[in-house]
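Engineer:
Rendered as structure tokens:
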């Protein structure tokens, strides 16, 4: 097979369809995006995905025939072998033959995978994990997603695997979107942090948490970190608790996969070292066999949103 | 390389050294065992491992030169690439060059892996998972071990991976041998079940649990199952709770690996379908994406102790 110059990566999200044209150096040389508007019939979303690809190609006057193929990162449970989105509560899709439908529209081979998988692959090939053959990437956003690279390759499990966010942290605890109680997602997502911060603000009306919530109109994931910097007791408690929960979750993945590196992405990661330093300490203390074996680096993933597009392009 | 007729498998345990000579049909055609007596210097244990191999070969009058190599399943954290037992609290070993030392003694190539890994490999090749390319095996004994087969191959992670028992079930819960609190091992091991049964017997002196404990001298992992059959309320509660915990743990591994099959081994598995049937129901209800994707079979591993020996032999 003649390796074409460009590959197309699509990051399908609950809010936006993002497309990037990726060259051999793993650079995004053109991009385009449209709103997902997930509430409409899925065929229309697919039409817009194809149009967004054309938008991006037009910007650099590249013909679609100069491209090798299309990779798509989608939220949810993916049958990567057959190119089907089995279930995504995020975009309310079930059994959508995504690869086949996009192939029809653009006449290029299409591969699909879970969005967190694509982010992990992108970081491993072009980002923070460039020299690292074994890594775990966690996306900390509305939910918690996970992607794992083993021996330089994306680990996809069998059909629909790799739901790292849907493993227990506190069985019987907070309700999770997946129908269980106490999943990592229910505690380590931005949603989980906001829930706890709201509880604290409700109970402690004199706290800075409550004052900042009132100013902003509602709680968000940054407020507890900001309030902690100023020394608010409740914020300190909430963030310590969050870091312990995330430390427990990361320790689990370390005990299973023994990666060289754990990468964090998503909104909360704007906190940088004030997040990763205590996590590192936590994992060093609690990982099985402790310091007898090498403890992985814990870092903020540097490609941010581009990782998903670059990773998707590399599914081809 | 000329494939010899026999391979040697060693199952190194806290109590016994078990050796089997395995033929091409994955049958153990001769076996021998000695006590580990783990409290003595490790060199003596290694000497006895070599002698036990010779004992087994003698029984069928096979020369060691007719063997292809030796595989060893050891408890603990293993560096399988370099043949080193990094840390095993079970046999109190640290940084033991096991492969090299046995090679010296028997002049055959030696490969080592974690004991639960070997059991998973044995079941995949010759036992319950014979036609199954993706499986998770859990050993439910003093602790909880795990082995994973992906695409027909043993998944070893990087150095020392695969500590499935040391992932959280209830963060901050019962103390675990690994130094954390609330690991799967602390709840789903026979040790965990016995702890809970003891608590119940202490609190409810009229319960059958307490009567059977008194008769037997101490609690064991069978008493709660037996007392449940007779309708003891406390035993019913304890076993339901145990099944829920184990169901949660299995659901975690299913969400990560999406195996076709989950195999259970260890003492508690004598309970058969009264254990696996409710677990199946639990996982069907709570696995991510539910019945939209195929739920794995949950079965008792059929090779029992032989799985570890056969799996070890197949490391070679």
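Protein chains in written order, with my numbering: chain A, 313 to 628; chain B, 313 to 628.
For glycine and all other residues, C-beta sits at the position ideal for the given N, C-alpha and C.
If you draw a straight line from the C-alpha of residue 314 of chain B to the C-alpha of residue 488 of chain B, how long is it?
Structural biologist: Position 2 of the second chain, counted from the first residue, corresponds to residue 314 of chain B. Position 176 of the second chain, counted from the first residue, corresponds to residue 488 of chain B. Residue confidence for residue 314 of chain B is low, a pLDDT of 45 falling below 50, so the modelled location carries little weight; the figure read from the coordinates is stated next. Approximately 46 Å between the Cα atoms of the pair.
Engineer: Can you say whether residue 387 of chain B is buried or exposed, counting buried as having 16 or more other CB atoms within 10 angstroms of its CB?
Structural biologist: Against the second chain, residue 387 of chain B aligns to sequence position 75. Classification for residue 387 of chain B: buried.
Engineer: Taking the continuous alpha helix (DSSP H) assigned at residue 436 of chain B, which residues delimit it?
Structural biologist: Position 124 of the second chain, counted from the first residue, corresponds to residue 436 of chain B. First-last of the alpha helix (DSSP H) with residue 436 of chain B: 427-438.
Engineer: Taking Cβ-Cβ distances below 8 Å as the criterion, which residues of the stretch 560-579 of chain B are in contact with chain A?
Structural biologist: Correct list: 560, 561, 563, 564, 567, 568, 569, 570, 571 and 572.
Engineer: Could you please give the first and the last residue of the uninterrupted alpha helix (DSSP H) stretch that includes residue 411 of chain A?
Structural biologist: Walking along the first chain from the start, residue 411 of chain A turns up at place 99. That run of the alpha helix (DSSP H) goes 410-418.
Engineer: Among the candidates A:438, A:558, A:425 and A:523, whose CA atom is the shortest distance from the CA of residue 542 of chain A?
Structural biologist: Your numbering for residue 542 of chain A matches position 230 in the first chain. Among A:438, A:558, A:425 and A:523, the Cα nearest to that of residue 542 of chain A is on A:523.
Engineer: Please report the Cβ distance between residue 389 of chain A and residue 601 of chain B, rounded to the nearest whole angstrom; I am assuming they are in contact, meaning their Cβ atoms lie under 8 Å.
Structural biologist: For the purposes of this step, residue 389 of chain A is identified with residue 77 of the first chain, where counting begins at 1. For the purposes of this step, residue 601 of chain B is identified with residue 289 of the second chain, where counting begins at 1. Sure, about 4 Å apart at Cβ, within 8 Å.
Engineer: Quick check on residue 544 of chain A: buried or exposed, where buried means 16 or more other Cβ atoms within 10 Å of its Cβ?
Structural biologist: Start at 1 with the first residue of the first chain, and residue 544 of chain A comes out as number 232. Classification for residue 544 of chain A: buried.
Engineer: Kindly indicate which residue of A:428, A:534, A:355 and A:476 has the alpha-carbon position closest to the one of residue 622 of chain A.
Structural biologist: Locating residue 622 of chain A in the first chain gives position 310, where the first residue counts as 1. Among A:428, A:534, A:355 and A:476, the Cα nearest to that of residue 622 of chain A belongs to A:428.
Engineer: Which value, in whole angstroms, describes the spacing of the CA atoms of residue 362 of chain B and residue 373 of chain B?
Structural biologist: In the second chain, counting from the first residue as 1, residue 362 of chain B sits at position 50. In the second chain, counting from the first residue as 1, residue 373 of chain B sits at position 61. Distance between the alpha carbons of residue 362 of chain B and residue 373 of chain B is about 16 Å.
Engineer: Check for me: the alpha helix (DSSP H) holding residue 515 of chain A runs from which residue to which?
Structural biologist: By one-based count along the first chain, residue 515 of chain A stands at place 203. Residue 515 of chain A -> alpha helix (DSSP H) spans 502-515.
Engineer: If we ignore side chains and look at the alpha-carbon of each, how far apart do residue 509 of chain B and residue 517 of chain B end up?
Structural biologist: Here residue 509 of chain B refers to the residue found at position 197 of the second chain. Here residue 517 of chain B refers to the residue found at position 205 of the second chain. Approximately 12 Å between the Cα atoms of the pair.
Engineer: Can you list, in chain order, the stretches of the beta strand (DSSP E) that have 3 or more residues and sit fully within the stretch 323-410 of chain B?
Structural biologist: Correct list: 328-334, 340-347, 379-386, 389-391, 396-400 and 405-408.
Engineer: Under 8 Å, Cβ to Cβ, is there at least one residue of chain A near residue 490 of chain B?
Structural biologist: Stepping through the second chain from its first residue, residue 490 of chain B is reached at position 178. Yes, because at least one Cβ of chain A sits closer than 8 Å to the Cβ of residue 490 of chain B.
Engineer: Using only alpha-carbon positions, find the residue among A:616, A:550, A:453 and A:606 that is nearest to residue 391 of chain B.
Structural biologist: Looking up residue 391 of chain B in the second chain gives position 79. For residue 391 of chain B, the nearest C-alpha among the options comes from A:606.
Engineer: If I follow the unbroken beta strand (DSSP E) through residue 577 of chain B, where does it start and stop?
Structural biologist: Residue numbering aside, residue 577 of chain B sits at position 265 when the second chain is read from its first letter. Segment 573-577, the beta strand (DSSP E) holding residue 577 of chain B.
Engineer: Would residue 405 of chain A count as contacting chain B if we go by Cβ distances under 8 Å?
Structural biologist: On the first chain, residue 405 of chain A is found 93 positions in, with the first residue counted as 1. No, residue 405 of chain A lies away from the interface with chain B (no Cβ there is under 8 Å from its Cβ).
Engineer: Report the residues of the stretch 441-469 of chain B with a CB closer than 7 Å to any CB of chain A, ordered along the chain.
Structural biologist: Those would be 446 and 469, in chain order.
Engineer: DSSP beta-bridge partners for residue 614 of chain B?
Structural biologist: Within the second chain, residue 614 of chain B is the residue found at index 302, counting from 1. Looking at the DSSP assignment, residue 614 of chain B forms no beta bridge with any residue, so it has no partner.
Engineer: Starting from residue 399 of chain A, find everything on chain B with Cβ-Cβ shorter than 9 Å and list it in chain order.
Structural biologist: Residue numbering aside, residue 399 of chain A sits at position 87 when the first chain is read from its first letter. Ordered by position in chain B, the residues that pass the 9 Å Cβ test against residue 399 of chain A are 600, 601, 602, 604 and 605.
Engineer: DSSP three-state label for residue 313 of chain A, please.
Structural biologist: As a position in the first chain, residue 313 of chain A is number 1, starting the count at 1. Confidence is the limiting factor: at residue 313 of chain A the pLDDT is only 40, short of 50, which leaves the residue's position unreliable, though a coordinate-based value still follows. Here residue 313 of chain A sits in coil by DSSP.
Engineer: Who are the neighbours of residue 428 of chain A on chain B, taking C-beta pairs under 9 Å?
Structural biologist: Here residue 428 of chain A refers to the residue found at position 116 when the first chain is read from its first residue. Those do not exist, as residue 428 of chain A stays about 13 Å from chain B at its closest Cβ, beyond 9 Å.
Engineer: In angstroms, rounded to a whole number, what distance separates the CA positions of residue 567 of chain A and residue 581 of chain B?
Structural biologist: Position 255 of the first chain, counted from the start, is the residue given in the question as residue 567 of chain A. Position 269 of the second chain, counted from the start, is the residue given in the question as residue 581 of chain B. Between residue 567 of chain A and residue 581 of chain B, the C-alpha separation is close to 25 Å.
Engineer: For chain B, is any of its Cβ atoms less than 8 Å away from the one on residue 483 of chain A?
Structural biologist: Taking the first chain and counting its residues from 1, one reaches residue 483 of chain A at position 171. With 8 Å as the cut-off, residue 483 of chain A counts as an interface residue toward chain B.
Engineer: Could you check whether the Cβ of residue 480 of chain A sits closer than 8 Å to any Cβ belonging to chain B?
Structural biologist: Counted from its first residue, the first chain places residue 480 of chain A at position 168. Cβ-Cβ to chain B under 8 Å: yes for residue 480 of chain A.
Engineer: What's the call for residue 364 of chain B, buried or exposed, on a 16-neighbour Cβ count within 10 Å?
Structural biologist: As a working note, residue 364 of chain B is residue 52 in the second chain. By the 10 Å Cβ count, residue 364 of chain B comes out buried.
Engineer: Counting only Cβ pairs nearer than 7 Å, list the residues of chain B close to residue 474 of chain A.
Structural biologist: Translated into positions along the first chain, residue 474 of chain A becomes position 162. Near residue 474 of chain A (Cβ distances below 7 Å), the residues of chain B are 568.
Engineer: Against chain B, with Cβ distances strictly below 8 Å, would residue 611 of chain A count as a contact?
Structural biologist: The residue labelled residue 611 of chain A in the question sits at position 299 within the first chain. Cβ-Cβ to chain B under 8 Å: no for residue 611 of chain A.
Engineer: Please report how far the alpha carbon of residue 564 of chain A lies from the alpha carbon of residue 599 of chain A, in whole angstroms.
Structural biologist: If you number the first chain from 1, residue 564 of chain A lands on position 252. If you number the first chain from 1, residue 599 of chain A lands on position 287. Between residue 564 of chain A and residue 599 of chain A, the C-alpha separation is close to 8 Å.
Engineer: Could you tell me the distance, in whole angstroms, from the CA atom of residue 460 of chain B to the CA atom of residue 538 of chain A?
Structural biologist: Sequence index remark: in the second chain, residue 460 of chain B carries index 148 (1-based). Sequence index remark: in the first chain, residue 538 of chain A carries index 226 (1-based). Distance between the alpha carbons of residue 460 of chain B and residue 538 of chain A is about 43 Å.
Engineer: Within 10 angstroms of the Cβ of residue 349 of chain A, are there 16 or more other Cβ atoms? Answer buried if so, exposed if not.
Structural biologist: Within the first chain, residue 349 of chain A is the residue found at index 37, counting from 1. Exposed.
Engineer: Measuring straight from C-alpha to C-alpha, what distance separates residue 512 of chain B and residue 546 of chain B?
Structural biologist: For the purposes of this step, residue 512 of chain B is taken as the residue at position 200 of the second chain. For the purposes of this step, residue 546 of chain B is taken as the residue at position 234 of the second chain. The straight-line gap from Cα to Cα measures roughly 7 Å.
Engineer: Which chain B residues are close to residue 389 of chain A, counting only those with a beta carbon under 8 Å from its beta carbon?
Structural biologist: On the first chain, residue 389 of chain A is found 77 positions in, with the first residue counted as 1. Those are 600, 601, 604 and 605, listed as they occur along chain B.
Engineer: Quick check: is the beta carbon of residue 471 of chain A nearer than 8 Å to any beta carbon in chain B?
Structural biologist: As a position in the first chain, residue 471 of chain A is number 159, starting the count at 1. Closer than 8 Å: yes.
Engineer: Should residue 347 of chain B be labelled buried (16 or more other beta-carbon atoms within 10 Å of its own) or exposed?
Structural biologist: Numbered from its first residue, the second chain carries residue 347 of chain B at position 35. Burial call: exposed.
Engineer: According to the Cβ coordinates, are residue 624 of chain B and residue 385 of chain B closer than 8 Å?
Structural biologist: Position 312 of the second chain, counted from the start, is the residue given in the question as residue 624 of chain B. Position 73 of the second chain, counted from the start, is the residue given in the question as residue 385 of chain B. Taking 8 Å as the Cβ cut-off, residue 624 of chain B and residue 385 of chain B qualify as a contacting pair.
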